[in-house]
Amino acid sequence: MTFLDIALNIEVHYYNLEMYTYFNFLIFYKINMRILWCITGAGHFLTDTFKFMKNISEENEIIALFSNAGLEVVRMYGLYDEIENISINVIKERERGYSGDIIVGRLAMKEYDKVLIAPCTANTVAKIVYGIADSLVSNVAAQAIKCNVPVFVLPTDVEREQITEIPLNINSKKCRNCSKCIPMEVCPNYALYRSDKIRVNILKCNACLICIDKCKYNAISFGEKIKIRIRSIDLRNVEKLEGMEGIKVIRKVDDLISLLI
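Position one of the sequence shown corresponds to residue 25 (the numbering used here), numbered consecutively onward.
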């Protein structure tokens with residue numbers, strides 16, 4: 025699906041354009057932008073954000089930047105290769121370091137039209153709010169604001185209670201701890217191991233999902249929905265973030281379309 029396909033379906037229901045009408049959007053949306061997409065260590069909103077970025081990648085240049093935790097989480101959800109495919113460049117914190125001098129220089133030279141931090145963990149939100157720039161993503165946010173490059177942030181923790189999806193998981197109540205565990209044997213990354221029961225080393229899992237159908241007791245799942253309760257301090261930090269100059273907070277994936285307006 026191209027960006028034009030998105031535009032032609034806007035009036036149906038998917039994207040909320042706030043004060044913009046459908047026709048105004050067709051006139052004012054921007055293409056051919058260089059977007060620095062910063063990904064932190066959160067699974068919430070990750071898949072839907074990727075779908076949006078994939079849809080706009082034909083008309084815009086995407087540069088993906090992974091925090092250390094972001095890289096781990098993207099691999100847990102099996103999205104690294106797909107993100108790499110839609111990006112003209114991939115930047116990793118573990119290779120560039122916390123300061124990211126090259127990226128900061130590019131921001132100063134206006135090589136990026138916009139910065140998107142999505143999903144943005146509560147930890148990164150707190151750092152931005154309190155002016156802490158000790159990680160690559162928080163440093164990018166600080167430098168982008170200094171260089172007058174618009175920063176768009178999609179925080180993960182925006183409501184008191186949320187439903188989120190977790191990566192590969194083994195239900196300990198269903199697992200029979202079989203002496204011959206077929207899922208463990210077929211895992212190409214050796215992500216499954218035995219302790220008191222069969223466990224998963226989520227850092228080794230790349231969501232190939234080969235193991236799921238191999239368990240005859242249906243003990244392994246992926247994308248299971250769970251309810252979480254967000255801390256009050258994290259909700260307050262999002263409110264503070266909304267009041268910061270140079271930052272636009274996006275509370276719903278649907279509103280990512282504002283990135284292009």
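Glycine is no exception: its CB is placed at the ideal position from the N, C-alpha and C atoms.
Looking at the structure shown, is Y136 part of a helix, part of a strand, or coil, going by DSSP?
Here the question's residue 136 lines up with position 112 in the sequence shown. Residue state, collapsed to three classes: coil.
At the level of alpha carbons, what is the spacing between Y266 and A88?
Start at 1 with the first residue of the sequence shown, and residue 266 comes out as number 242. Start at 1 with the first residue of the sequence shown, and residue 88 comes out as number 64. Correcting the residue identity first, residue 266 is Glu in this sequence and not Tyr. Approximately 24 Å, taken between the alpha carbons.
Unbroken beta strand (DSSP E) run spanning L89, endpoints
Stepping through the sequence shown from its first residue, residue 89 is reached at position 65. Per DSSP, L89 belongs to the beta strand (DSSP E) from 85-90.
Spatial neighbours of I86 within its chain, please: CB distance less than 7 Å, with the 5 preceding and 5 following residues excluded, ordered by chain position.
Position 62 of the sequence shown, counted from the first residue, corresponds to residue 86. Here the set comprises I59, W61, M77, I110, S111, I112.
Cα-Cα separation, D220 to C205
Mapped onto the sequence shown, residue 220 falls at position 196. Mapped onto the sequence shown, residue 205 falls at position 181. Cα to Cα, D220 sits roughly 13 Å from C205.
Kindly provide the ranges of any beta strand (DSSP E) runs that are 3 or more residues long and lie completely inside the stretch 136-175, ordered along the chain.
138-144
Secondary structure at V182, three-state DSSP: helix, strand or coil?
Reading the sequence shown from its first residue, position 158 is the one you call residue 182. Looking at V182 - three-state DSSP - the assignment turns out to be coil, as it is neither helix nor strand.
For K249, which residues of its own chain have a beta-carbon under 6 Å away from its beta-carbon, when the five flanking residues on both sides are left out?
Here residue 249 corresponds to residue number 225 of the sequence shown, with the count starting at 1. Result list for K249: I187, E189, in chain order.
Under a three-way DSSP split, which group does L284 fall into?
Residue 284 sits at position 260 when you count from the first residue of the sequence shown. If DSSP states are grouped into helix, strand and coil, L284 belongs with the helices.
Please name the residue, chosen from A66, D72, M100, I271, that lies closest to L227 on a Cα-to-Cα basis.
Locating residue 227 in the sequence shown gives position 203, where the first residue counts as 1. L227 has its Cα closest to that of M100, out of A66, D72, M100, I271.
Give me whichever residues DSSP pairs with L233 in a beta bridge.
By 1-based counting over the sequence shown, the position of residue 233 is 209. BP columns for L233 are empty, so no partner.
Buried or exposed: Y104, going by 16 or more other Cβ atoms within 10 Å of its Cβ?
Numbered from its first residue, the sequence shown carries residue 104 at position 80. Looking at its Cβ environment, which holds 16 or more other Cβ atoms inside 10 Å, Y104 is buried.
Where K286 sits in the DSSP three-state scheme:
Because residue 286 is not part of the residues shown, which for the chain are 25 to 285, the question remains open.
How long is the line joining the alpha carbons of I156 and S162, rounded to whole angstroms?
Within the sequence shown, numbered from 1, the residue matching residue 156 stands at position 132. Within the sequence shown, numbered from 1, the residue matching residue 162 stands at position 138. If I take the Cα positions, the gap works out to 7 Å.
From which residue to which residue does the beta strand (DSSP E) around I63 run?
Here the question's residue 63 lines up with position 39 in the sequence shown. Start and end: 58-63.
Test: K170 CB closer than 8 Å to a CB of chain C:
The structure shown has no chain C; it contains just one protein chain.
Neighbourhood of R118 by C-beta, 6 Å cutoff - its chain only, sequence neighbours within 5 removed
Counting from 1 along the sequence shown, the entry for residue 118 is found at position 94. Excluding sequence neighbours, R118 sits near N92.
Measure the CB-CB distance between P191 and G67 and report whether it falls below 8 Å.
Translated into the one-based positions of the sequence shown, residue 191 becomes position 167. Translated into the one-based positions of the sequence shown, residue 67 becomes position 43. A contact, by the Cβ cut-off of 8 Å.
Measuring alpha carbon to alpha carbon, tell me which of E82, N225, S196 ends up nearest Y241.
In the sequence shown, residue 241 corresponds to position 217, counting from 1. Per the C-alpha coordinates, the member of E82, N225, S196 positioned closest to Y241 is S196.
Less than 7 Å between C-beta atoms, sequence neighbours within five positions excluded: which residues of the same chain meet that for I107?
Translated into the one-based positions of the sequence shown, residue 107 becomes position 83. So the qualifying residues of the chain are F74, A88, V98.
So, is G129 buried or exposed, given that buried needs 16 or more other C-beta atoms within 10 angstroms?
Working through the sequence shown from its first residue, we reach residue 129 at position 105. It is exposed - the Cβ of G129 has fewer than 16 other Cβ atoms within 10 Å.
Where does Y46 land, buried or exposed, given buried means 16+ other C-beta within 10 angstroms?
Taking the sequence shown and counting its residues from 1, one reaches residue 46 at position 22. Only weak support exists for where Y46 lies, its pLDDT of 40 falling under 50; the coordinates are left without a value.
Helix, strand or coil for I187, going by three-state DSSP, please let me know.
For the purposes of this step, residue 187 is identified with residue 163 of the sequence shown, where counting begins at 1. Strand.
Residue burial classification, L50 (beta-carbon count within 10 angstroms, cutoff 16):
Counting from 1 along the sequence shown, the entry for residue 50 is found at position 26. Because the pLDDT of L50 is 44, which lies under 50, any placement of that residue in the model is unreliable, and the number read from its coordinates should be weighed accordingly. Classification of L50: exposed, given that the 10 Å Cβ count is below 16.
Taking only three categories from DSSP, how would you classify S81?
Stepping through the sequence shown from its first residue, residue 81 is reached at position 57. If DSSP states are grouped into helix, strand and coil, S81 belongs with coil.
From the DSSP output, in three-state form, read off I55 for me.
For the purposes of this step, residue 55 is taken as residue 31 along the sequence shown, with counting starting at 1. Of the three classes helix, strand and coil, the one that applies to I55 here is coil, per DSSP.
Is the beta carbon of D181 less than 8 Å from the beta carbon of A150?
To locate residue 181, count along the sequence shown from 1; it is residue 157. To locate residue 150, count along the sequence shown from 1; it is residue 126. For D181 and A150, no; Cβs fall outside 8 Å.
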